[in-house]
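Asks: The opening residue of the sequence shown carries number 988 in this note's numbering; numbering runs sequentially from there.
Here a beta-carbon is modelled for each residue, glycine too, at the ideal position from N, C-alpha and C.
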Amino acid sequence: MTAVVSPRSVRLTGWGRYAPAQVLTNADLERIVDTSDEWIVSRTGIRERRVAAAHETSASMGAIAGLRAIRTAGLEPDEIDLILVATLTPDYWMPSTAALVKEAIGNTRAAAFDVAAACSGFVYGYATASAYIGSGLARNVLVVGTELLTRFLDYGDRSTSILFGDGAGAVVLSASDEASSPTGIELTTDPQGAYMIWLPAGGSRSPASADTVARNQHKIRMEGRETYRFATRTLASTGLAAVEKAGWAQADVDLIIPHQANIRIIEAVAKGLDLPLDRFFINVDRYGNTSAASVPIALAEAVNEGRVKPGDKLVFIAFGAGFTSGAVALEWTADPSRGPIGEAAVRPEDVAIRQPVDWDSADPIPPALAEVLARPAPGRMDVSDVAPGDPPHAPRQVG
Ligand code: ACO
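1) Considering Cα atoms alone, identify which of Val1028, Val1131 and Arg1126 is closest to Thr1074.
2) If you run the structure through DSSP and keep just helix, strand and coil, what is Pro1064?
3) Is it the case that the segment 1244 to 1259 contacts the segment 1187 to 1200, given that we only count it when at least three CB pairs across the two stretches are under 8 angstroms?
4) Taking the alpha-carbon positions, what's the Leu1260 to Arg1202 distance?
5) Taking 6 angstroms as the cut-off, is the beta-carbon of Trp1185 closer than that to any non-hydrogen atom of ligand 1?
6) I'd like to confirm something about Ser1281: is its beta-carbon nearer than 6 angstroms to some heavy atom of ligand 1, or not?
7) May I have the straight-line CA-CA distance separating Ala1166 from Ala1238, to the nearest angstrom?
8) Just to confirm my understanding: we take Val1010, look at its own chain, exclude 5 residues before and 5 after, and list those with CB closer than 8 angstroms. What are they?
9) Ordered along the chain, which non-local residues of its own chain (more than five positions away) have a Cβ less than 8 angstroms from that of Pro1082?
10) Quick check on the burial criterion: 16 or more other C-beta atoms within 10 angstroms. Buried or exposed for Ile1387?
11) Taking just the CA atoms, how far does Trp1002 sit from Glu1288?
12) Does DSSP put Thr1000 in a helix, a strand or coil?
13) Within 10 angstroms of the Cβ of Glu1358, are there 16 or more other Cβ atoms? Answer buried if so, exposed if not.
14) Just to confirm, does Ser1146 get its C-beta within under 6 angstroms of one of the non-hydrogen atoms of ligand 1?
15) To which residues of the same chain is Tyr1119 closer than 7 angstroms at the C-beta, ignoring the five residues directly before and after it?
16) Taking the alpha-carbon positions, what's the Leu1356 to Thr1031 distance?
17) For Tyr1274, does the count of other Cβ atoms within 10 angstroms reach 16, so buried, or fall short, so exposed?
18) The alpha helix (DSSP H) with Ser1161 in it runs from where to where?
19) Could you check if Leu1264 is buried or exposed, using at least 16 other CB atoms within 10 Å of its CB as the buried criterion?
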């Protein structure tokens, strides 16, 4: 990164998303853990989530979403001079996922690093990008949120395995000579919650070993009720602080893009902010919780579905492990019709992450997931020979 420019105002100019094709429904999960569609829908609002294919990683999904955001902004990849990737499921401990994304999108000049703030990571990345542009250190910044959580779930734990899904979203923030529009950013971190959502082993405290694998310590653990309490307590106050910093009243807000963790949490935030639920964009039913990817995926869908127009006042709100929370209040200035153009310009098969030479990873798909995705669903069973002992039905005559 060599760009040094005078301080400028910051505009969101590009947005993009990517969701893997494979869908895991609540009915599929009923075949793995002791749960029911009724329980999951009533307690979380989630109906299905996406699962990345074996060849996909956080970097590959992030690169597709990132390139789409760059095309939406009408930029070339080399016009990006900083790449920030928010993820709690990086491809490797090192190099950063941002370095892999940089190569995959064909950028030769950007600085690139990862942002670790769990589900608040995208909002933290947005705040970082904003500070780089505002201070004159960067002109165009790509902020990606990407997660491959289905490989870090304990499919013996019904309270976590039903919540999460895979996907990626991204935005481009650019320096502008136009007058700055009101923006408010609020970030919080409460280490009291450090062990409420965590992944115990694999770090320096407890490096990977046969023992940590035997103890199942490489999977996400969560105290659901404590996390729920933190989320409902903090999201409204963090959002309100950002709204006040932008100089708005909360009734001025046109659309809130909340972290899609749980519909009941979103309903509680709506109540806390005294705003109707139709001012919140909701897609948790189709994706579950995609952590750092959830806000940028929801943003891209909201804009591309016509929910956002220039001049609208938007608020992004997120919370996550740490405990962290973050909110950004911004006025929308981009042309919403650019979104589908950016999406159509990038085909997933055209974006690839370079593999290491002379090295092969183990099969990345958790066995429980591989088994249920390979098995035909009950509705798709062959019913031509269902009565035991009866001769099979004669082949049906067609035509
Ligand atoms: N299916 C059926 N029953 C279940 C399931 C399930 N999938 N999961 C839990 N239960 C049972 C429990 O065992 C318990 O049974 P019991 O009363 O016999 O002991 C009962 O349902 C109630 O359990 P609770 O944990 O009290 O259920 P709750 O209503 O709190 O819902 C949930 C659980 C959905 C996890 C909720 O606490 C929640 O959403 N918490 C926040 C989670 C979250 O958003 N995490 C992401 C943070 S972001 C990040 O950074 C990763």
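Replies: In terms of the structure at hand:
1) Val1131
2) It is helical.
3) no
4) 42 angstroms
5) Relative to the non-hydrogen atoms of ligand 1, the Cβ of Trp1185 never comes closer than 6 angstroms to any of them.
6) Ligand 1 has no heavy atom closer than 6 angstroms to the beta-carbon of Ser1281.
7) 24 angstroms
8) Cβ neighbours of Val1010 within its own chain (closer than 8 angstroms, five residues either side excluded): Glu1035, Arg1036, Arg1037 and Val1038.
9) Exclusion of the five residues before and after Pro1082 leaves no residue of its chain whose Cβ lies closer than 8 angstroms to its Cβ.
10) Outside the shown range of the chain, which is 988 to 1386, sits residue 1387, and nothing can be said about it.
11) 9 angstroms
12) strand
13) exposed
14) yes
15) Leu1069, Ala1125 and Val1128
16) 21 angstroms
17) buried
18) That residue, Ser1161, is in no alpha helix (DSSP H); its beta strand (DSSP E) goes Asp1153 to Ser1163.
19) It counts as exposed.
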